[in-house]
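Set out below in structure tokens:
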């Protein structure tokens, strides 16, 4: 059974964002890691790269397939989770504790376009 | 609408992730691909491969007919011998790759890829003129299990009660099992259980063909024994890939001849004739524009089917056919069809993966050594 975490915003493509002030931590949901299976590689952007809401910023690779990461918001990458370079399986162990990128938001109003946990649960059960 | 194999309900009950493949709805994984892959490399796994197609060719001209449509040479083969080879178009493109079992004098059992069943059977029927043969399409009758891994021999003998230790690599025999009633193929041609020492994993193992009833009984025994992990098509692909075995649709196709794919050894140009022979002889003599190579990347990024292969100047010179982060050797590797100028071992090449380009070099297409028992 997939786990869901309160207090995060979720996108239809199964990324989450945890907002702290002007920053957001972006990762994939537990539902997403479950659907992917063993994650073997995470393709991440670099610090100072710009990301745009609705556009691809990297990919998560399972043994079988690559799945694009779609940014839920626009902004500038200020940090990437380097632990995932050596241990991509951390996403399987705890997808919510292991965010992928930290972004400085350029337009916080974009958060209104994302789902809360109840709406996201419903989305996953469709 | 995809077809179901006779084990469909069992896969669903085991919680398998089911996905369409070759016109069937098939199990991709039960637990996870890595565990299933490792089970086959270190112990034993069982695959439902009932989606594969079967055709029986009998009659006075059966051998001459097989020689006509098949690239390998079955002339005068001993009963029980199995051959790998291809059916080709006249231009050398590949109709399918297949196994041919010699079950008796002028009696052959052909095993073809699921995705190609309709095309292959039509192709075979188109080329029967002038041959006194009976062609029976038996895909709907046969289920098929592949029991693979270093412990496969013991598992088949002890769990399924089918003696198989005397079978040599690439040989087959008919068998019976007390828990399945003797079945007759509807058209009355020779039937029963066929077991061969073959597989698609690079490990020792067996492929077992039988009625749906037998296949279900055998599957249940294997799973209940706890000595054999159920394995999906996900790890079947990683296993076959890392030992360099081709998959039709990736490494062979109507546009990819066996010469391009490096499979000339299965095409016997000293045979009097077979469909596609002239084209292959020409390709052997004059060379081919593209060849299948292995590429190893320095980075961990994973090349996938269809990704562009570039030379060091950044021009596209080919395309990835299959790629993985190879489970048995912890390297990102792929097979790719590239311009022949770039096919030499150690040639530096790059693979474009999404927006980034990763450096690599040409290596042998075999990323992990086979462990066959011959």
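Protein chains in written order, with my numbering: chain H, 39 to 164; chain B, 1479 to 1852. For glycine and all other residues, C-beta sits at the position ideal for the given N, C-alpha and C.
{"Query": "8 angstroms Cβ cutoff, residue 140 (chain H) in contact with chain B", "Result": "no"}
{"Query": "Interface positions of the segment 1810-1838 of chain B facing chain H (Cβ-Cβ less than 9 angstroms), listed along the chain", "Result": "1810, 1831, 1832, 1833 and 1834"}
{"Query": "Contact set between the segment 1778-1792 of chain B and chain H, restricted to residues whose Cβ is under 9 angstroms from the partner", "Result": "1778, 1779, 1780 and 1782"}
{"Query": "Helix, strand or coil at residue 1529 (chain B) [DSSP, three-state]", "Result": "coil"}
{"Query": "Closer than 9 angstroms at the beta carbon, the chain H residues around residue 1803 (chain B)", "Result": "78, 79, 99 and 101"}
{"Query": "Own chain partners of residue 1643 (chain B) with C-beta closer than 7 angstroms, once the 5 adjacent residues on each side are dropped", "Result": "1631 and 1635"}
{"Query": "Buried versus exposed, by CB contacts within 10 Å (16 or more), residue 1737 (chain B)", "Result": "buried"}
{"Query": "Validate contact between the segment 1552-1571 of chain B and the segment 1487-1494 of chain B using beta carbons, cut 8 angstroms, 3 pairs", "Result": "no"}
{"Query": "Beta bridge counterpart(s) of residue 143 (chain H) as assigned by DSSP", "Result": "H:113"}
{"Query": "Residues bridged to residue 1650 (chain B) (per DSSP)", "Result": "B:1674"}
{"Query": "Under the three-state DSSP convention, the category residue 1506 (chain B) falls into", "Result": "strand"}
{"Query": "Residues that residue 1510 (chain B) contacts on chain H, provided the C-beta gap is smaller than 7 angstroms", "Result": "75 and 76"}
{"Query": "Chain-ordered chain H contacts of residue 1727 (chain B) [CB-CB under 7 angstroms]", "Result": "In chain order: nothing, as chain H lies at least about 16 angstroms away."}
{"Query": "Start-end ranges of the alpha helix (DSSP H) lying completely within the segment 66-91 of chain H, minimum 4 residues", "Result": "68-74"}
{"Query": "Where residue 1800 (chain B) meets chain H, residues with beta-carbon distance less than 7 angstroms", "Result": "None at all; the shortest Cβ gap to chain H is about 12 angstroms."}
{"Query": "Rounded separation between residue 1483 (chain B) and residue 51 (chain H) - CA only", "Result": "32 angstroms"}
{"Query": "Beta-carbon neighbours of residue 1716 (chain B), restricted to chain H and to distances below 8 angstroms", "Result": "101"}
{"Query": "C-beta atoms of residue 1722 (chain B) and residue 1769 (chain B) nearer than 8 angstroms", "Result": "no"}
{"Query": "Any C-beta of chain B under 8 angstroms from that of residue 133 (chain H)", "Result": "no"}
{"Query": "Cutoff 8 angstroms; reference residue 1586 (chain B); Cβ partners in own chain excluding five residues on either side", "Result": "1534, 1535, 1536, 1540, 1541, 1544, 1552, 1578, 1579 and 1580"}
{"Query": "Interfacial residues, the segment 1703-1715 of chain B to chain H, with Cβ spacing under 9 angstroms", "Result": "1712, 1713 and 1715"}
{"Query": "Residue 104 (chain H): contacting residues in chain B (beta-carbon distance under 9 angstroms)", "Result": "1780, 1782, 1831 and 1832"}
{"Query": "Own chain partners of residue 1564 (chain B) with C-beta closer than 6 angstroms, once the 5 adjacent residues on each side are dropped", "Result": "1549, 1572, 1575 and 1736"}
{"Query": "Residue 1604 (chain B), buried or exposed, once every other Cβ within 10 Å from all chains shown has been counted against 16", "Result": "exposed"}
{"Query": "Extent of the continuous beta strand (DSSP E) to which residue 1588 (chain B) belongs", "Result": "1585-1590"}
{"Query": "Neighbour flag for residue 1622 (chain B) against chain H, beta carbons, 8 angstroms", "Result": "no"}
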